[in-house]
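> Handing you this structure, nothing more for now.
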Amino acid sequence: MLLDRRIDLNLAPVEPCTLDPAALRRVEQYLFQEARLLDERRFDAWLDLWTDEGRYWVPRHHGQADPFEQISLFWEDRMLRETRVRRLLNARNWSQQPVTRSSRLVGNVQVEGFDGEGHLVVRSALQYTEYRLQQRHLAGQVFHKLAPQDDGGWKLQLKRVDLVNCDGVFGNLEVFL
Amino acid sequence: MISKEEIAGLVRPDSVHKRVYTDPAIFALEMQRIYGRAWIYVGHESQVPKPGDYHTTRLGDQDVVMVRAQDGVKVLYNRCPHKGAKLVAEGDGCAGKFFRCPYHAWTFRLDGSHLSAPLRSAFEGTGYDPADPQFSMAPVARVDRYRGFVFASQSATGPDLKTFLGGVASSIDNLCDRSPVGEVEVVGGVFRVEQPSNWKVFYENLHDTMHARVTHESSFQAARDEAAAIGEMPFELLIQDGNGEPYAFWEKLELRAYHYGHGYMEGIFDPAAATRDPVARAHFACLTEALGEERAREVLGMNRHNTILYGSGSPHTVFQQFRVIRPLAVDRTLVEIQVFRCKGAPAEVWDRALTYANLINSPSSNVMPDDVEVYRRCQEGNATRGGDWVSLHRYLGTDTMLEDGAVSTNGTSELPMRNQFAAWRDYMLDTAGLPAVIAIHPTECSHAA
């Protein structure tokens, strides 16, 4: 259920996590790979990164506590992410002709710790440039909650993008940030 | 200066000259003759709950501030009478007990009247007079409200708000009546979306039933494909699927046109809407307890889609939204999207309004980008030398004239556009106060044509 209030959105870690340099590098590489899939418009591969309950969230307000009492620029579960991808790939997607091109720079990666459900909370900075008819630049802080998998990898439980201009005026936001 | 003959020549019974969308001189004139006179929605009382609270916005090309004073809501031009600085910055906030200019500390009561200026002795023997209105913040000529919705008119004369709203007041009523206590409040923030196109295109599109399954093919098809993949069509997909209805569906709708360019699009009254799904049933139970079953069915059975309040925007009663349309330039339009909570209604009713806002009206909507794209293409296409006229021919001469307006005989009629431009022309031709009644020229939309 999209507005299921039981989902843990708390970003403050309840358990510390210290990673050796190699493990930290693996976390960084995971974020870089996620960014790359979006930049290369490999949406199906990007959809596969998520847990079943995973949520993609871009708040509308600075410091927004949750997506239940206030509007959000994006609040999407698997079904809505898939629907967005289906639209982006539809032949009659007039506002994607030409398509949106993007390039993102992910940096300042910091592992915050584990949340109450054992997800790794990772903070990073995003510099995002997009081009469709005009160039646009967006930037902000990103919080990922990574769910450890049996094979040693991760899946996305939460991706929260806090844009510096979340309360500003926008043109269309068609692709995932 | 554009002559009356020139303006009159821009609107034909069946078409409109593209210049109305592209000429900056026309836009400047609209700011005077439409936005400078008509009743324009400023904001909702709930946006300024306590004395001192303010909300800034624009009435046409004028920056104004809606503020809660001790004796009610005021609408003032956002200008200090000293040097002209805007007294409050963009956005919402609280001025406290009075406005204080950040430039030279002149202060004003919450109703805009002059309170003080520092080192007053310097004004002795000058023409400075705190009681003279030229040393106060200027109020907009007229302010009135309808069930918590605050409107302002920059013209001291003309019809009152209730007369101006006419038949579309029923949309505001229905929005409020969905609360068991008859009140709504703006909650959760406001989306602000910019469209690279003229403001009138958006109004036309709101009742353009022929575009839905063409322009929105990518979003309704995506929703249908997803529903097929997961084996159900929940609310989130259903609201993206609706645009895919066949032409026969749209033909059965009723387009109602009122004076001043207003109107609404209506499904047939549907009493079953009150009990269609668990959210509606909870809402129905709540309203039944407060108002009785008959009234509850009447309120929730009003299955009205987009309403047009020409000059203000489009309230949506069923999902409690208001898309407020603010022209910025001849080719730029700002849309402020408000979401309302029906006070006292079940929590699920808010959830549904929130989801509708996030999925349909936010900048990330799957639906709206294709609208914005075609508006932009109209704006740019109309800048070419490829032709001068925009067609409004659809079902011309078939609409039924009524006492207070007109109604389509076919839901794909371009009656709303013809009605908007009939009003537009009358606004633009009348150079004195707001005309009392804007005719929906019978010869232009009845069989007589």
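Taken in sequence, the protein lines are chains H and P. Per this note's numbering, the first sequence starts with residue 1, numbered consecutively. Per this note's numbering, the second sequence starts with residue 1001, numbered consecutively. Just so you know, even glycine gets a beta-carbon here, dropped at the ideal spot from N, CA and C. This structure is a prediction, so every number in the text was calculated from the model and none was measured.
1. Hey, is ASN108 of chain H close to the ligand FMN, as in C-beta under 6 Å from one of its heavy atoms?
2. How do the segment 1042-1054 of chain P and the segment 1088-1096 of chain P stand: do at least 3 beta-carbon pairs fall below 8 Å, yes or no?
3. Note down the Cα distance separating LEU1402 of chain P from SER1408 of chain P, rounded to an integer number of angstroms.
4. Cα separation between ARG1178 of chain P and VAL1168 of chain P?
5. Please report the straight-line C-alpha distance between ASP52 of chain H and GLY1231 of chain P, rounded to a whole angstrom.
6. Mind listing the chain H neighbours of ILE1230 of chain P? Cutoff is C-beta to C-beta under 7 Å, in chain order.
7. List the residues of chain H that THR1333 of chain P touches, going by C-beta distances under 7 Å, in chain order.
8. Would you please state the rounded distance, in angstroms, between the beta carbons of GLU1298 of chain P and SER95 of chain H? I believe it to be under 8 Å.
9. Mind checking LYS1252 of chain P: buried by the 16 CB within 10 Å criterion, or exposed?
10. On the DSSP bridge assignment, give the partners of GLY1043 of chain P in chain order.
11. Note down the Cα distance separating LEU138 of chain H from LEU1334 of chain P, rounded to an integer number of angstroms.
12. Which word fits SER977 of chain P, buried or exposed, when buried means at least 16 other C-beta atoms lie within 10 angstroms of its C-beta?
13. For the segment 63-70 of chain H and the segment 1013-1030 of chain P, state whether three or more C-beta atom pairs, one from each stretch, are separated by less than 8 Å.
14. When the Cα of GLU82 of chain H is compared with those of P:PHE1108, P:GLN1221, P:SER1312 and P:VAL1184, which residue comes out closest?
15. Under 8 Å: do the segment 1340-1349 of chain P and the segment 1066-1076 of chain P share three or more Cβ pairs, one atom per stretch?
16. Which whole-angstrom value is the C-beta distance of ALA1273 of chain P and GLN1321 of chain P, which I expect to be below 8 Å?
17. Residues of the segment 60-93 of chain H in Cβ contact with chain P at a cutoff of 7 Å, in chain order, please.
18. Measuring straight from C-alpha to C-alpha, what distance separates MET79 of chain H and GLU1045 of chain P?
19. Do the segment 1098-1111 of chain P and the segment 1074-1088 of chain P meet, that is, are 3 or more Cβ pairs less than 8 Å apart?
20. Buried or exposed: which applies to THR1355 of chain P, given that a residue is buried once 16 or more other Cβ atoms fall within 10 Å of its Cβ?
21. Please look up how many angstroms separate the CB atoms of TYR1041 of chain P and PHE1202 of chain P, rounded, as I've assumed it's under 8 Å.
22. Using a Cβ-Cβ cut-off of 7 Å, state whether SER102 of chain H counts as contacting chain P.
23. Chain P partners of VAL169 of chain H, CB-CB under 8 Å?
24. For chain P, check one thing: does any of its Cβ atoms lie closer than 7 Å to the Cβ of GLU180 of chain H?
25. So with Cβ pairs under 7 Å, would you call GLN1154 of chain P a contact of chain H?
26. Does VAL106 of chain H come out as helix, strand or coil in the three-state DSSP assignment?
27. By how many angstroms is the C-alpha of MET1031 of chain P removed from the C-alpha of ARG1192 of chain P?
28. Should PHE1014 of chain P be flagged as near chain H, meaning a C-beta pair shorter than 7 Å?
29. Taking the beta strand (DSSP E) that ALA147 of chain H belongs to, which residues open and close that run?
30. Decide yes or no for the touch test of the segment 1203-1215 of chain P against the segment 1304-1323 of chain P: beta carbon pairs closer than 8 Å, at least 3 of them.
31. Please determine if the segment 1283-1296 of chain P and the segment 1238-1255 of chain P are in contact, where contact requires at least 3 C-beta pairs separated by less than 8 Å.
32. Check whether the Cβ atoms of SER1170 of chain P and LEU173 of chain H sit closer than 7 Å, and answer yes or no.
33. For PHE1319 of chain P, which beta-bridge partners are listed by DSSP?
34. Give the range of the alpha helix (DSSP H) segment to which ILE1172 of chain P is assigned.
35. Below 9 Å on C-beta distance, what does LEU158 of chain H contact in chain P?
36. Within 10 Å of its beta-carbon, does PRO59 of chain H have 16 or more other beta-carbons around it, so buried, or fewer, so exposed?
Let me spell this out:
1. As presented, the structure is devoid of all ligands, the ligand FMN included, so that no description of it is given.
2. Between the segment 1042-1054 of chain P and the segment 1088-1096 of chain P there are three or more inter-stretch CB-CB distances shorter than 8 Å, so the stretches are counted as touching.
3. 11 Å
4. Each residue's Cα considered, the two are about 16 Å apart.
5. 16 Å
6. MET79
7. Going along chain H, no residue has its Cβ under 7 Å from THR1333 of chain P, so there is no contact; the nearest lies around 11 Å.
8. That pair is no contact at about 39 Å.
9. Classification of LYS1252 of chain P: exposed, given that the 10 Å Cβ count is below 16.
10. P:VAL1150
11. 20 Å
12. Missing from the structure shown is residue 977 of chain P; chain P here goes from 1001 to 1449 and no further.
13. no
14. P:GLN1221
15. no
16. Not confirmed; about 17 Å, so no contact.
17. ARG60, HIS61, GLU69, GLN70, ILE71, SER72, LEU73, PHE74, TRP75, MET79, LEU80, GLU82, THR83, ARG84, ARG86, ARG87, ASN90, ARG92 and ASN93
18. Those two C-alpha atoms are separated by around 37 Å.
19. yes
20. buried
21. That belief does not hold up - the Cβ atoms of TYR1041 of chain P and PHE1202 of chain P are roughly 15 Å apart, past 8 Å.
22. Chain P contact via Cβ: absent.
23. ARG1192, VAL1193, GLU1194 and LEU1334
24. No answer is possible for residue 180 of chain H: the residues shown for chain H start at 1 and end at 177.
25. no
26. Here VAL106 of chain H sits in strand by DSSP.
27. 21 Å
28. Reading off the sequence, residue 1014 of chain P comes out as Asp, not Phe. So no, ASP1014 of chain P is outside the interface.
29. 134-148 is the span of the beta strand (DSSP E), which, as asked, contains ALA147 of chain H.
30. Yes, the segment 1203-1215 of chain P touches the segment 1304-1323 of chain P.
31. With the rule of 3 Cβ pairs closer than 8 Å, the segment 1283-1296 of chain P does not count as touching the segment 1238-1255 of chain P.
32. no
33. Answer is none; PHE1319 of chain P lacks a bridge partner.
34. Start and end: 1169-1177.
35. Neighbours of LEU158 of chain H on chain P: none; closest Cβ ~17 Å, over 9 Å.
36. buried
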